[in-house]
Amino acid sequence: MLGWIHLDTENLRSFIEVATHGSFTIAAGRLNLAQSTISARIRGLEEQLGRRLFLRDRDGVALTPAGRQFLQHATAITRTWEQARQDIAVPEGYEHLLRLTAPAYLWDPIVMPWMRWMREQRPNVALRLDGSFSDAAVDHLADGLLDICIVYLPRSHPGIAFEVLALDKVVLVQHMAQAGHWNDNYMLVDWGLEFRIEHDRAFANMTRPAISTGSVFGALRYVLSQQAAAYLPLSAVERHIERGELKRVDGAPVFQRPVYLSYPSHLATSDVTETALAGLRLLGKSWSGSAAGNSPDPERRS
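As numbered in my numbering, the sequence shown has no gaps in its residue numbers, which increase by one up to the final residue, 308.
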């Protein structure tokens, strides 16, 4: 029975990948499988369901009406299976598993010292740590796949609580090799309405940038690879500045952006979650009051 469940969920994962990317080739690459294996799995699903799920042509594949309807169910089933698998995956010798995600550039100032806090305060709690984008993290909170996430741009979702954890400095940086003025190749990072108003006020005569994004990671990669400029968190670019890859633009205004702590509302009263949140709040308060990029330790505070 377990073998059948495993096979079926893998078939569903293959179906979701093909549906998402419109290509058997891309799906095979992402799953590290042969394209023939992906095709066989899709045929197996179609035989079980008695309906065609994809229309195939030279331009790729597209979902049939039945495929679009089935995609909703396949997504729900795989999420439920993943939740069940993770819920019972508490390592031997521990009583609980706590799952947290945060942007990679917040690991040094917040996540790493928080790990020490949790090991000292609740040594019986195992930790699972990941990096994630805001939208995916909030969805995973709602689906029960995460317990806590740290995000820059919260997205309202029923049952998910948000609170300001810390304030990060957002600074204008440009690539050291960028030729000409910084706004000749400038990507606008969308930090929300308040930031856009402040940005437009500070650069009233600036032509609207041709490229914008809501992804800090994507903007940083663009700046580094395309010798460009952007407003990015100091916590995300500090090491690149120290290595001489980026530099701050002289005279550019510095903005303060909130970092949010989010978690399912019903978990706020859990003893384990309360301990975890208490440590994060201490770290957030300490980090906001210090230079961005430091790694305060909550155990050192009075």
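Note that CB positions come from ideal geometry on N, CA and C, so glycine has one too.
field: Every unbroken beta strand (DSSP E) inside the region 95 to 134 [3 residues or more]
entry: The region 95 to 134 is shown to contain whole beta strand (DSSP E) runs of 3 or more residues at 102 to 107, in chain order.
message: Does Gly285 pass the burial test, meaning 16 or more other C-beta atoms within 10 Å, or should it be called exposed?
response: By the neighbour-count definition (other C-beta atoms within 10 Å, threshold 16), Gly285 is a buried residue.
task: Can you have a look at His146 and say buried or exposed, based on whether 16 or more other CB atoms are within 10 angstroms of its CB?
output: Classification of His146: buried, given that the 10 Å Cβ count is 16 or more.
- prompt: Which residue from His272, Met193 and Pro264 puts its Cα closest to that of Arg227?
  reply: Closest by alpha carbon: Met193.
message: So, with DSSP's three-state summary, where would you put Tyr228?
response: It is helical.
- prompt: Can you list, in chain order, the stretches of the beta strand (DSSP E) that have 3 or more residues and sit fully within the region 201 to 286?
  reply: Qualifying beta strand (DSSP E) stretches, in chain order: 217 to 219, 235 to 239, 252 to 254 and 261 to 270.
- request: Pull up the CB-CB distance for Pro160 and Gly137, whole angstroms please, since I reckon it's below 8 Å.
  value: About 17 Å separates the two Cβ atoms, so there is no contact after all.
task: Under 6 Å Cβ to Cβ from Asp176, same chain only, skipping five residues before and after it: list those, please.
output: Strictly speaking, residue 176 in this sequence is Val, with Asp absent from that position. Residues Tyr237, Pro239, Phe261 and Arg263 of the same chain have their beta carbon placed closer than 6 Å to that of Val176, with the five preceding and five following residues left out of the count.
message: Could you compute how far the alpha carbon of Arg254 sits from the alpha carbon of Trp188?
response: Separation of Arg254 and Trp188 (C-alpha to C-alpha, rounded to the nearest whole angstrom) is 10 Å.
message: Rounding to the nearest angstrom, what Cα-Cα distance links Asp153 and Thr15 in this structure?
response: In a straight line, the C-alpha of Asp153 is about 23 Å away from that of Thr15.
message: Rounding to the nearest angstrom, what Cα-Cα distance links Glu251 and Ser292 in this structure?
response: Here the alpha carbon of Glu251 sits roughly 29 Å from the alpha carbon of Ser292.
- prompt: Quick one: what's Met193 bridged to in DSSP?
  reply: DSSP lists Ile217 and Ala236 as partners of Met193.
message: Rounded to whole angstroms, what is the Cα-Cα separation between Phe223 and Gly50?
response: Roughly 38 Å between the two C-alpha positions.
field: Buried/exposed call for Thr107, threshold 16 Cβ in 10 Å
entry: Residue environment: Thr107 is assigned as buried (16 or more neighbouring CB atoms within 10 Å of its CB, all protein chains considered).
- prompt: In whole angstroms, what is the alpha-carbon distance linking Leu273 and Thr279?
  reply: Counting only the Cα atoms, Thr279 lies some 6 Å from Leu273.
message: Please classify Pro97 as buried or exposed, where buried requires at least 16 neighbouring CB atoms within 10 angstroms.
response: Burial is judged here by how many other beta carbons sit within 10 angstroms of a residue's own beta carbon; Pro97 has fewer than 16 and is exposed.
- prompt: What is the DSSP secondary structure of Leu151, counted as helix, strand or coil?
  reply: The answer is coil: DSSP assigns Leu151 none of H, G, I, E or B.
- prompt: Near Gly290, which residues of its chain fall below 6 Å by C-beta distance, leaving aside the five closest residues on each side in sequence?
  reply: By the criterion of a C-beta distance shorter than 6 Å, Gly290 is surrounded in its chain by Leu171 and Ala172, once the five residues flanking it on both sides are discounted.
- prompt: What residues in its chain sit with their C-beta under 8 Å from that of Arg58, if we drop five residues either side in the sequence?
  reply: Taken in chain order, the residues that qualify are Glu52, Thr70, Ala72 and Gly73.
- prompt: When the Cα atoms are used, what is the spatial distance from His12 to Ser29?
  reply: Caution is warranted here: a pLDDT of 41 is assigned to His12, below 50, making its placement in the model unreliable, and the coordinate value is therefore given only provisionally. Between His12 and Ser29, the C-alpha separation is close to 23 Å.
message: Do Ile156 and Leu104 count as a contact pair if the criterion is CB distance below 7 Å?
response: If you check the CB distance, Leu104 and Ile156 do not come in under 7 Å.
field: Assigned exposure category for Glu200 - 16 Cβ within 10 Å defines buried
entry: Flag for Glu200 reads exposed.
- request: With DSSP as the reference, please indicate the residues paired to Val67 in a beta bridge.
  value: DSSP output for Val67 lists Arg62 as bridge partner(s).
field: Cβ-Cβ distance between Ala242 and Val195 below 7 Å
entry: Ala242 is not a Cβ neighbour of Val195, given a cutoff of 7 Å.
query: In its own chain, which residues sit with a C-beta less than 7 Å from the C-beta of Tyr100, not counting the 5 before and 5 after it?
result: Only residues of its own chain outside the window of five on either side were considered, and among them Asn130, Val131 and Ala132 have a CB closer than 7 Å to the CB of Tyr100, listed in chain order.
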